[in-house]
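Residue numbers (our numbering), protein chains in the order written: chain A, 1 to 96; chain B, 97 to 192; chain C, 193 to 288; chain D, 289 to 384; chain E, 385 to 480; chain F, 481 to 576; chain G, 577 to 672; chain H, 673 to 768; chain I, 769 to 864; chain J, 865 to 960.
Number of protein chains: 10
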Amino acid sequence: MLFQVEMTVNIPADLDPEIAADTKAREKAYSQDLQKSGVWRHIWRKAGLYENTSIFEVRDNEHLHEVLMGLPLYPYMDMKITPLCRHPSSIREDDS
Amino acid sequence: MLFQVEMTVNIPADLDPEIAADTKAREKAYSQDLQKSGVWRHIWRKAGLYENTSIFEVRDNEHLHEVLMGLPLYPYMDMKITPLCRHPSSIREDDS
Amino acid sequence: MLFQVEMTVNIPADLDPEIAADTKAREKAYSQDLQKSGVWRHIWRKAGLYENTSIFEVRDNEHLHEVLMGLPLYPYMDMKITPLCRHPSSIREDDS
Amino acid sequence: MLFQVEMTVNIPADLDPEIAADTKAREKAYSQDLQKSGVWRHIWRKAGLYENTSIFEVRDNEHLHEVLMGLPLYPYMDMKITPLCRHPSSIREDDS
Amino acid sequence: MLFQVEMTVNIPADLDPEIAADTKAREKAYSQDLQKSGVWRHIWRKAGLYENTSIFEVRDNEHLHEVLMGLPLYPYMDMKITPLCRHPSSIREDDS
Amino acid sequence: MLFQVEMTVNIPADLDPEIAADTKAREKAYSQDLQKSGVWRHIWRKAGLYENTSIFEVRDNEHLHEVLMGLPLYPYMDMKITPLCRHPSSIREDDS
Amino acid sequence: MLFQVEMTVNIPADLDPEIAADTKAREKAYSQDLQKSGVWRHIWRKAGLYENTSIFEVRDNEHLHEVLMGLPLYPYMDMKITPLCRHPSSIREDDS
Amino acid sequence: MLFQVEMTVNIPADLDPEIAADTKAREKAYSQDLQKSGVWRHIWRKAGLYENTSIFEVRDNEHLHEVLMGLPLYPYMDMKITPLCRHPSSIREDDS
Amino acid sequence: MLFQVEMTVNIPADLDPEIAADTKAREKAYSQDLQKSGVWRHIWRKAGLYENTSIFEVRDNEHLHEVLMGLPLYPYMDMKITPLCRHPSSIREDDS
Amino acid sequence: MLFQVEMTVNIPADLDPEIAADTKAREKAYSQDLQKSGVWRHIWRKAGLYENTSIFEVRDNEHLHEVLMGLPLYPYMDMKITPLCRHPSSIREDDS
Numbered sequence: 001m002l003f004q005v006e007m008t009v010n011i012p013a014d015l016d017p018e019i020a021a022d023t024k025a026r027e028k029a030y031s032q033d034l035q036k037s038g039v040w041r042h043i044w045r046k047a048g049l050y051e052n053t054s055i056f057e058v059r060d061n062e063h064l065h066e067v068l069m070g071l072p073l074y075p076y077m078d079m080k081i082t083p084l085c086r087h088p089s090s091i092r093e094d095d096s
Numbered sequence: 097m098l099f100q101v102e103m104t105v106n107i108p109a110d111l112d113p114e115i116a117a118d119t120k121a122r123e124k125a126y127s128q129d130l131q132k133s134g135v136w137r138h139i140w141r142k143a144g145l146y147e148n149t150s151i152f153e154v155r156d157n158e159h160l161h162e163v164l165m166g167l168p169l170y171p172y173m174d175m176k177i178t179p180l181c182r183h184p185s186s187i188r189e190d191d192s
Numbered sequence: 193m194l195f196q197v198e199m200t201v202n203i204p205a206d207l208d209p210e211i212a213a214d215t216k217a218r219e220k221a222y223s224q225d226l227q228k229s230g231v232w233r234h235i236w237r238k239a240g241l242y243e244n245t246s247i248f249e250v251r252d253n254e255h256l257h258e259v260l261m262g263l264p265l266y267p268y269m270d271m272k273i274t275p276l277c278r279h280p281s282s283i284r285e286d287d288s
Numbered sequence: 289m290l291f292q293v294e295m296t297v298n299i300p301a302d303l304d305p306e307i308a309a310d311t312k313a314r315e316k317a318y319s320q321d322l323q324k325s326g327v328w329r330h331i332w333r334k335a336g337l338y339e340n341t342s343i344f345e346v347r348d349n350e351h352l353h354e355v356l357m358g359l360p361l362y363p364y365m366d367m368k369i370t371p372l373c374r375h376p377s378s379i380r381e382d383d384s
Numbered sequence: 385m386l387f388q389v390e391m392t393v394n395i396p397a398d399l400d401p402e403i404a405a406d407t408k409a410r411e412k413a414y415s416q417d418l419q420k421s422g423v424w425r426h427i428w429r430k431a432g433l434y435e436n437t438s439i440f441e442v443r444d445n446e447h448l449h450e451v452l453m454g455l456p457l458y459p460y461m462d463m464k465i466t467p468l469c470r471h472p473s474s475i476r477e478d479d480s
Numbered sequence: 481m482l483f484q485v486e487m488t489v490n491i492p493a494d495l496d497p498e499i500a501a502d503t504k505a506r507e508k509a510y511s512q513d514l515q516k517s518g519v520w521r522h523i524w525r526k527a528g529l530y531e532n533t534s535i536f537e538v539r540d541n542e543h544l545h546e547v548l549m550g551l552p553l554y555p556y557m558d559m560k561i562t563p564l565c566r567h568p569s570s571i572r573e574d575d576s
Numbered sequence: 577m578l579f580q581v582e583m584t585v586n587i588p589a590d591l592d593p594e595i596a597a598d599t600k601a602r603e604k605a606y607s608q609d610l611q612k613s614g615v616w617r618h619i620w621r622k623a624g625l626y627e628n629t630s631i632f633e634v635r636d637n638e639h640l641h642e643v644l645m646g647l648p649l650y651p652y653m654d655m656k657i658t659p660l661c662r663h664p665s666s667i668r669e670d671d672s
Numbered sequence: 673m674l675f676q677v678e679m680t681v682n683i684p685a686d687l688d689p690e691i692a693a694d695t696k697a698r699e700k701a702y703s704q705d706l707q708k709s710g711v712w713r714h715i716w717r718k719a720g721l722y723e724n725t726s727i728f729e730v731r732d733n734e735h736l737h738e739v740l741m742g743l744p745l746y747p748y749m750d751m752k753i754t755p756l757c758r759h760p761s762s763i764r765e766d767d768s
Numbered sequence: 769m770l771f772q773v774e775m776t777v778n779i780p781a782d783l784d785p786e787i788a789a790d791t792k793a794r795e796k797a798y799s800q801d802l803q804k805s806g807v808w809r810h811i812w813r814k815a816g817l818y819e820n821t822s823i824f825e826v827r828d829n830e831h832l833h834e835v836l837m838g839l840p841l842y843p844y845m846d847m848k849i850t851p852l853c854r855h856p857s858s859i860r861e862d863d864s
Numbered sequence: 865m866l867f868q869v870e871m872t873v874n875i876p877a878d879l880d881p882e883i884a885a886d887t888k889a890r891e892k893a894y895s896q897d898l899q900k901s902g903v904w905r906h907i908w909r910k911a912g913l914y915e916n917t918s919i920f921e922v923r924d925n926e927h928l929h930e931v932l933m934g935l936p937l938y939p940y941m942d943m944k945i946t947p948l949c950r951h952p953s954s955i956r957e958d959d960s
């Protein structure tokens, strides 16, 4: 089941640089593990912004919640979540 | 070059049903041709809505403009357009 | 899987009264069938408004889409859709 | 009498972790007491967000006010409150 | 139990003048009956606008819903509804 | 001359508790003096919120400005101000 | 007593041109009479828009309401109304 | 050339009181000098708010920019700027 | 003196095609005359939208008003107008 | 390929003045280098505001992202980004 998740990152200017660097490193590792396992299907940077558009494939809403709450940068993020489904004009069977 | 395009379709209730059906059929054919040629990379329906989230791969802004203006349903659509680029956390080289 | 769906109904003033009455009757029957089958778990009227807050239990996003698109009043409705999950403070195991 | 209450929780990043943990524990106990007594009829987590949708059954507006003001996390919450009533299409007699 | 109701009236320019005049006359009679019975406690015109701020005293949400749905001008109105309660600084015991 | 004033109170979490308590006490006294003199005609709490809807009867805009600027909690308030007048449907001669 | 009134004019494209021309002529005469009598103190066009910013000097809210409701173009206008008072930094005693 | 400038003042609660008082005194002197020279044509307080509506007469956009950037309170202000011109219904030749 | 003008074009679907075509042709000629004379300094299409961003160089606000009101498509346009001035970081003396 | 970028600068009041001055100096140098190389085609100050409207000519979205992320003031800026293309009414071949 697919969800579009748009994330905006707002790291406070006064966050300790070491904590910031460590959190970003853990975020990257977390994201890449989920990409490899097929849960985080797509991630694109919005040009010129600390924002991304992502597509997740999860078992259900509960699974989506767990995955997002596990993001190391979650406390500094705003989230916009949209449930998706296959489009009738799509030529592909899988995630279109 | 990738763009996220979010389309909301508002077909007026008083549009002639034959014109509406014909326009939708041409829209579907137009979309599928662009999907086959790789320009319309993804199209997902937003669940419960006459809206879609699409990813286009185009040569440049001009190309995006031509592709969108050619949509048979364009006169009944609202568009939100966001330029995308590769995300540094992506594990994929292509469209991530 | 639960979704909160908030529906706002805008029936145009110039809709033929017979068509309006028939559509509302079919809407009510459609809603009650889905309530009996457990898909439309809750429906509340917002006091003073032609709006409702509903809770749906569906198999997945696709199922939600089909159920909502089947609403006889769908062409006259605005929809706000929110995926839900169990709350950690809930004392109930089912839909809380 | 039913009310829909949508709560968004914003715990400041610099809140003392012990105070935060204690407040959350008291919030959970408070919520569960009200669920057991039937006042807090439903509580759902919005997937991926620190937000919930709740349904309260209270004697009157005054009662609703007291119950919400008693929330240990109230100082960190935004509230959206909507009075509800039975929907004419509902098949249930109680809270639909 | 008190509710603040803010009403904005948008009578379409092409409404038959006789129907418009008749509807306004019925609206006025309906409002004055409810004022005499104490249900419609206050009504003020917003200066320069076809809008009013009203205070209703009703038994419950259901009662409020019935009263508002009975307004002859309801189809041409937008409504904003806010449940009220006594203010702790008020010097009055009744509706303050 | 009547004005509707909607006040939202945002006392910062880090305000010294003694100062906060003293300011609230002065606010209550100030409000009650104005209620007794007939200037602050009505004050209602919005259920579940640190907000109120108030009706002021003042000589003119200047008088309204002075009264509001004198509020001990003014620095922590957002204000929405609407000039009111008698409604043609009102059955009362005074403040309706 | 001074009020700032910002007016946006939306004359429908299908209004009979004679009615439109007559209404605009009456609007101009009405405005100039009020300017001569000192009630309509200032009127400025917002550059590039069918909008104006005006300053009215009226006896009270009721007077403002009557003046605005008398505008021949009122049915095609949106209004934003702001009560003004003398500014403590002003060097003038009268209207600024 | 005339501009409408709407200023909202947000002086932070923790600004040193001496600095605040000095800045306000300099703001008043700066404003009054510009009023005397005819650049700051009008200034009105919005009743009940730390906001003003002002009319400036400047040589060009550059001049407006310099005048506003020179405001001692500028760092604490939000600005809304609207270019104005003479209204065709105005009876006055100067700033109407 | 420079102004940024953002224009959104909404030609109604039921406009007579001949009138539409004629109006667009006159719009193009009008725009190109102003470009040649240096008044309409820049015009860019927003990709995928019937919107443009334009830069005008005019004598004053009055001149801007006349130029925009003369647009054949003006009745179908929404306008957002922003006065510009030279930027201190610009390396160019003219319109930068 | 052209992009319109609207930047709003919010330098926090408590930023160390030396750091602020140094960052602004580096911003200016960075901007002027990009102007000289033709990437930052235009920059205009919005009159009365710490905001600018800029036009960038870049190879692609990736290039735009790099250029904007390199801005020394980026952490204090909000960005609004719009892809542009040549307008059919433009008389110029290059950036119109």
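Quick reminder that beta carbons are idealized off the backbone N, C-alpha and C, glycines included.
Taking all protein chains shown into account, R617 of chain G has 16 or more neighbouring C-beta atoms within 10 Å of its C-beta and is therefore buried. The C-alpha of R429 of chain E lies about 12 Å from the C-alpha of L640 of chain G. Taking a contact to require three or more Cβ pairs closer than 8 Å, the segment 604-617 of chain G and the segment 747-756 of chain H do not qualify as touching. Under DSSP, N628 of chain G takes part in a beta bridge, and its partners are G:M583, G:R621. In this structure the segment 3-10 of chain A lies against the segment 44-60 of chain A, because at least three pairs of beta carbons, one per stretch, are closer than 8 Å. DSSP, read as helix, strand or coil, puts E603 of chain G in helix. P851 of chain I carries a strand assignment under DSSP once its states are collapsed to helix, strand and coil. Chain G places a beta carbon closer than 8 Å to that of L564 of chain F, counting this residue as a contact.
Interface annotation, H257 of chain C: in contact with chain B, CB-CB separation under 8 Å. At least one CB atom of chain A sits nearer than 8 Å to the CB of I273 of chain C. With fewer than 16 neighbouring CB atoms inside 10 Å of its own CB, S901 of chain J falls in the exposed class. Sequence-distant Cβ neighbours of I587 of chain G in its own chain, meaning closer than 7 Å and more than five residues away, are A596, Y652. The criterion of a C-beta distance shorter than 8 Å is satisfied by E441 of chain E and M385 of chain E. Listed along the chain, the chain I residues whose CB falls inside 9 Å of the CB of L625 of chain G are H833, L836, M847, I849. A distance below 7 Å between beta-carbons, with the five flanking residues on each side excluded, links V355 of chain D to the following residues of its chain, in chain order: L322, V327, F344, V346. DSSP, reduced to helix, strand and coil, places E354 of chain D within a helical segment of the structure shown.
Under the three-state reduction of DSSP, E402 of chain E is assigned to helix.
A buried status is given to L372 of chain D, since no fewer than 16 other beta-carbon atoms sit within 10 Å of its beta-carbon.
In the displayed model, D558 of chain F falls within a strand according to three-state DSSP. Counting of Cβ neighbours within 10 angstroms places L207 of chain C among the exposed residues, the total staying below 16. Closest by C-alpha distance to L649 of chain G, out of G:K600, G:S666, G:A589, G:E594, is G:K600. Assignment of L649 of chain G by DSSP, reduced to helix, strand and coil, places it in the coil class. Just so you know, the alpha carbons of D924 of chain J and M933 of chain J end up roughly 14 Å apart. Closer than 8 Å at the C-beta level to chain D, one finds no residue of the segment 393-405 of chain E. R813 of chain I belongs to the set of residues whose beta carbon lies under 8 Å from a beta carbon in chain B. Taking P88 of chain A as reference, the option from B:T178, B:K124, B:S186 with the minimal CA-CA separation is B:K124. Straight through space, the alpha carbons of I379 of chain D and E350 of chain D are spaced by roughly 29 Å. Distance from the CA of E114 of chain B to the CA of L71 of chain A, rounded to the nearest whole angstrom, comes to 50 Å. Annotation: A397 of chain E to R374 of chain D spans about 35 Å, alpha carbon to alpha carbon.
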